[in-house]
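First comes the structure, then the notes that go with it.
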Amino acid sequence: MFPDLPEDILASVCAYISPEDLLALKQTCRVLHAFASMDYIWHQLKIDIPLDIPSDGDIHSLSGVHCQRLVIDALRLDHNWRKPVSKIKGLVRIENGGIISQTQLLGHKWLVTLSRAPSNTHLSFWSIGERNYRAASMEMLSASKFSAAFQNEGSRVILAVIVRGDLRSECLNIYSVPLKDSDEVSPSNTLTPQLYLTMSRLRTECTFSEVQVCQHIVAVALAQFGPMGGFPSYRLLFVNTLTKLKLLVDPALPLRKSPGVGHLRFKLYPKHVIFAVILDHGNPLVLLHELPAKLLDKETREMDDTPQFEVLGPPISKYEIDEVPSDLAAEAAFTPSRVSAIMFHSFSRHAGSAYVVNFIQGKSPNKPPDALQVHRLMKATFSSTGASPMVGELLPRHFPLPFEPQACQSLSFDEATGRVCIGLHTGEIYLLDLWVTLHFLR
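Residues in the sequence shown are numbered consecutively from 10, following our numbering.
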């Protein structure tokens, strides 16, 4: 019988099965329940869903019981995300006190916000949990965009900030920021970041449009306009903060040429980058690429400060979203015209994205002066098998929102906890938690 096999053979078999199968195997008998709870079994398991640990955290440092609990929570979230209508646990309001420019969730404990007041711009770290409060802040004059990622298993944060100097110049500053536990900080605490690297350029050449950080890699999108203006072409500048390697990459994206284009959106992962663009006929297109192998090197060495140029290879997968909410499709010919924000849940099994899309009535994606506009919070799931994306609304149709979707200024999503952060131009912040229930694991 299977439980009578030698432990080394059982361990080899478990290395090839999915987390769901391992959990099911534990339910068959007491012998396999004890065996499948061992630390070694969970450490060798191929886990292709995001877990609620720091992005640079090591799963091998966790116990098997802890790994199992994290995997079950992740599977519950994945199951809920793929349902036509996700269950919502609750909606919590945070008063920020300034116009929200951008938000980013860092795990289940931290929220980072960039907000503007009449006299200054602040980047704040919020402790979120049983009580939500501003744990620390730092003044960031002329900051326009940022991205952050954990370092040293959550004790520090690598922070990349785009700063507009004047009409002609701008810079990308990369900081290392100490991040104390929420019990050790006070709301009046002011952070003193350590400047790690800075890069400046003239805006007449190109402009920094968006920045992303994942582990030790920073990526910034460079938008280059032609002599007559019009629509930009994009390149990505990657910086490995460990090796100091700089790569200038041409993604060769099929960018939209007609009016109403939204700028490029992308998300950085440890070995991949995902792009979201709007096609000429108005549909969002999502492309998954592998990162260049030389960028992933962690060995420190002397590097030339001049970026190396490289062409990004063809996408591993691409998905076109061509579905419109049923009520809009029935009433008139609405077409997507602008993706305001896009974030991804996972991409190895089911790539889920949440985004705000602006629908415009009419067959043309161009915006007529009197066009009817409808804003919706949408979600999509892209199957790794190449099947058509599953598209639906992020919230139930009649879910009582205390704001209008068009007030959404920033949208961020924590892949491991299923928490969505919605920042409004009024200065309010809302934390939306997806309900995580999974009947087939019981």
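Ideal Cβ placement from N, Cα and C applies to all residues, glycine included.
A quick note: this is a predicted structure, and the numbers were derived from the prediction, not measured.
Boundaries (first-last residue) of the beta strand (DSSP E) holding residue i
i	result
V429	R428 to L433
H298	P293 to E299
D61	Premise fails: D61 is in no beta strand (DSSP E) and is neither H nor E.
Y439	E437 to L443
S133	T130 to S136
G401	M399 to E402
R140	Unbroken run through R140: none, as it is neither H nor E.
Three-state secondary structure assigned by DSSP to residue i
i	result
R78	helix
E329	strand
L450	In this prediction, L450 scores a pLDDT of 37, lower than 50, which makes its location untrustworthy; the coordinate-derived value is nonetheless stated afterwards. Looking at L450 - three-state DSSP - the assignment turns out to be helix.
A285	strand
Y49	helix
N249	strand
K55	coil
A24	coil
G163	helix
P414	helix
K388	strand
P12	helix
L231	strand
D423	strand
R85	helix
Where the alpha helix (DSSP H) through residue i begins and ends
i	result
R39	R39 to F44
L32	P28 to K35
E179	E179 -> not in any alpha helix (DSSP H); beta strand (DSSP E) instead, spanning S178 to P187.
8 Å contact criterion, which residue i and residue j should meet: CB distance rounded
i	j	result
E402	L386	7 Å
I226	L277	6 Å
K253	L246	At roughly 13 Å, the Cβ-Cβ gap does not stay under 8 Å, so K253 and L246 are not in contact.
Y243	L257	In fact, because the Cβ distance is near 11 Å, the residues do not count as touching under 8 Å.
F284	P301	Wrong, their Cβ atoms sit about 15 Å apart, outside the cutoff.
E299	G322	7 Å
T390	W90	7 Å
L273	V286	6 Å
Cβ neighbours of residue i in the same chain (closer than 8 Å, five flanking residues each side left out)
i	result
S151	T130, V172, R173 and G174
Other residues of its chain near residue i: CB distance less than 6 Å, five sequence neighbours each side excluded
i	result
E193	Any answer about E193 is weak, because its pLDDT of 47 lies below 50 and its placement is not dependable; what the coordinates show is given next. So the list is empty, once near-sequence residues are dropped.
T216	A232
Cβ neighbours of residue i in the same chain (closer than 7 Å, five flanking residues each side left out)
i	result
R72	First, the residue type needs correcting, since residue 72 is Ser and not Arg in the sequence shown. Cβ neighbours of S72 beyond the five flanking positions: D48.
P93	G401
For the stretch 95 to 103 and the stretch 433 to 442, state whether three or more C-beta atom pairs, one from each stretch, are separated by less than 8 Å. Short answer: they touch.
Under 8 Å: do the stretch 411 to 428 and the stretch 51 to 61 share three or more Cβ pairs, one atom per stretch? yes
Quick check: the stretch 172 to 183 against the stretch 104 to 112, are at least 3 beta-carbon pairs closer than 8 Å? no
How do the stretch 141 to 154 and the stretch 199 to 210 stand: do at least 3 beta-carbon pairs fall below 8 Å, yes or no? yes
Should the stretch 44 to 59 be regarded as contacting the stretch 10 to 25, the criterion being three or more beta carbon pairs within less than 8 Å? yes
Below 8 Å, how does it come out for the stretch 217 to 224 and the stretch 153 to 171: are there three or more Cβ pairs, yes or no? yes
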